[in-house]
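One structure below.
Protein chains: 2
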Amino acid sequence: MRKGEETRAKILDAAEAAVLAKGFGGTSIDELIVETGITKSGFFYHFRDKNELAKALLERYIENDERIYDEIFGRARELADDPLQAFLIGLKLLAELLSDLPNGHPGCLVATMCTQERAFDREIQEMNRQAALMWRRRFAAMFRDIMQVYRPREALDADQLADMVSTVLEGGIVLSKALKEPQSLPDQLLVFRSFVRLLFQPAA
Amino acid sequence: MRKGEETRAKILDAAEAAVLAKGFGGTSIDELIVETGITKSGFFYHFRDKNELAKALLERYIENDERIYDEIFGRARELADDPLQAFLIGLKLLAELLSDLPNGHPGCLVATMCTQERAFDREIQEMNRQAALMWRRRFAAMFRDIMQVYRPREALDADQLADMVSTVLEGGIVLSKALKEPQSLPDQLLVFRSFVRLLFQPAA
DNA sequence: TGCACTCCTGTACCGCCGGTAAAGTTTTCT
DNA sequence: AGAAAACTTTACCGGCGGTACAGGAGTGCA
């Protein structure tokens, strides 16, 4: 029972790295079993087909993603009582974490799967949608807290501001990969941070 | 000679749609020749291999992309002498164009190719990098023009602000695909527009 | 001790796909 | 009319996703 989960995790590790590097269609089961050190039959013992691998991959990724945000913004909340300060600290902590990744951000599975949507079934597309909605809910709650204390200088929707966090992260990942400049991602996040500070800064 | 280019364009059209929908690895040559109505040998007459197809695809995409930006921000420049107003008008025109796409944005080839980077050779990765650098140069020039007239309320780098345009576009594409809300992309662009207006708005 | 269950391996097979090779045919330009 | 361009036809190769099924090794427990 423990052994099985270990092998499964090894397959998922290899698959995640491969999918983020070459796309889902570009990742072969054969290369995964070579890297994991099992046989093809062993692979199909754990996953009925490639689509179920994708599902497991995405499920695990989203859980981990949520955990990271919980930690960072939970910690930020401990460091400041003020919701705006807490959010700004959270963005900074996140930027630092992204800056410390040795080879840059490996890529977002949600992004790779929704930009190759026709390669997956509806269940996966729905998981992707739910993930994006969870991001929205999380950050929209923070913006609403901020708006109860500070008046924004422009009337912007909390949901749209929340989506901006996801947008900057996803876009920053793409841009830093295209440019081959890993630092672009944390830099973009900090530019967004400046915008948020400006938005809620009281008029002089 | 004309006929050849026509067939080539038909293959590229089919390929672009398929790659943006399913990823490069998920797109088969067989499906392209069925849709185009030619034989497999006919395909290989036009493209030595799949990688050369990718190269031609990206080349055409980037040229078209540049043309669109030239048109939109050229037109914006005609409508306003002030560089800030021109840029804000350009963003609005772009948001309107994106809003009018019937099935949402089909996706960005630069993004799909750099999130599947290991599936392509160095030449393509370099083309991707140059495309992102061209975006940066284009928008950085606009921000520098703006900064010669307006003083930003926060000291932000013109290059990083320029990258923010690409970031919001790329991230907006991902988010609107994940959420299955095409309107998110133009909305995000308009949120960014508000930030830019706020940044260069003279202190009251 | 033995049985069941989990966790695999081994073997054999299928059809699709990317790609190659080479000869032949039609269409288009000059 | 002739050359060059733009294909078609046929035949083939190895890799990959996937199926089927038999067998075996390690573990937990009755």
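Residue numbers (the UniProt record's numbering), protein chains in the order written: chain H, 1 to 204; chain C, 1 to 204.
Backbone N, C-alpha and C define an ideal beta-carbon position, used for all residues, glycine too.
For R193/H, no Cβ of chain C is located within less than 8 Å of the residue's own Cβ. Non-local C-beta neighbours of F192/H in its own chain, meaning closer than 6 Å and more than five positions away in sequence, comprise V168, ordered along the chain. Ranking L91/H, R118/H, A119/H by CA distance to the CA of F139/H puts L91/H first.
Around the Cβ of E126/C, a 10 Å sphere holds fewer than 16 other Cβ atoms; the residue is exposed.
Among the residues of chain H, those whose CB is under 8 Å from the CB of E170/C are E170, G171, V174, L175, following chain order. Between N128/H and chain C, the shortest Cβ-Cβ separation is below 8 Å. Secondary structure at N51/H: helix, using DSSP grouped into helix, strand and coil. Take the alpha-carbon of A162/C and the one of R129/C: they are about 15 Å apart.
Following the DSSP letters along the chain, one finds Q85/C inside the alpha helix (DSSP H) bounded by residues 83-99.
Excluding five sequence positions before and after G23/C, the CB atoms of its chain that fall closer than 8 Å to its own CB belong to T112, Q116, given in chain order. Look at Y69/H here: in three-state DSSP terms it is helix.
Using a C-beta cut-off of 8 Å, the stretch 143-157 of chain C makes no contact with the stretch 50-65 of chain C, since fewer than three inter-stretch Cβ pairs fall below that distance.
Under the three-state reduction of DSSP output, Y150/H falls in the coil class, being neither helix nor strand.
In the three-state DSSP reduction, F143/H falls in the helix class (H, G or I). Of R60/C, I33/C, A56/C, L97/C, the smallest CA-CA separation from L189/C is found for L97/C. Where K180/H is concerned, there is no enclosing alpha helix (DSSP H), because DSSP gives it neither an H nor an E. Counting only the Cα atoms, P106/H lies some 19 Å from I72/H.
For D157/C, there is no enclosing alpha helix (DSSP H), as DSSP marks it with neither H nor E. Under the three-state reduction of DSSP, N64/H is assigned to helix. Listed by position along chain C, the residues whose Cβ is nearer than 8 Å to that of F73/H form an empty set, because the closest Cβ is around 19 Å away. Note that the C-beta distance between L156/H and S194/C is below 8 Å.
Beyond the five residues adjoining it in sequence on each side, E31/C comes within less than 7 Å, by CB distance, of A18 in the same chain, given in chain order. In this structure, the beta-carbon distance from E6/H to V174/C does not fall below 8 Å.
Around the C-beta of A9/C, fewer than 16 other C-beta atoms lie within 10 Å, and the residue is accordingly described as exposed. Judged by DSSP in its simplified three-state form, H105/C adopts coil rather than helix or strand. When the five nearest sequence neighbours on each side are left out, the beta carbons in the same chain lying within less than 7 Å of the beta carbon of L12/H are those of A56, L57, R60, in order along the chain. Under the three-state reduction of DSSP, T39/H is assigned to coil, being neither helix nor strand.
A distance below 8 Å separates the beta carbons of L198/H and L198/C. Shown in chain order are the members of the stretch 97-118 of chain C whose Cβ falls below 9 Å from a Cβ of chain H: G107, C108, V110, A111, T112, M113, C114, T115, Q116, E117, R118.
For L93/H, same chain residues with a beta-carbon under 7 Å away, outside a window of 5 residues either side, are I72, R75, A76 in chain order.
Closest in alpha carbon position to P186/C, among I33/C, A21/C, G104/C, is G104/C. Measuring C-alpha to C-alpha distances from R136/C to each of E16/H, S184/H, A80/H, K3/H identifies S184/H as the nearest. Within chain C, no residue has its beta carbon less than 9 Å from that of S41/H; the closest one is some 24 Å off. Shown in chain order are the members of the stretch 143-155 of chain C whose Cβ falls below 7 Å from a Cβ of chain H: R153, E154. Apart from sequence neighbours up to five positions away, the residues of its chain that approach F120/C with a beta-carbon distance below 8 Å are F24, N51, A54, M113, ordered along the chain. The Cβ atoms of L179/H and L109/H do not sit closer than 8 Å to each other.
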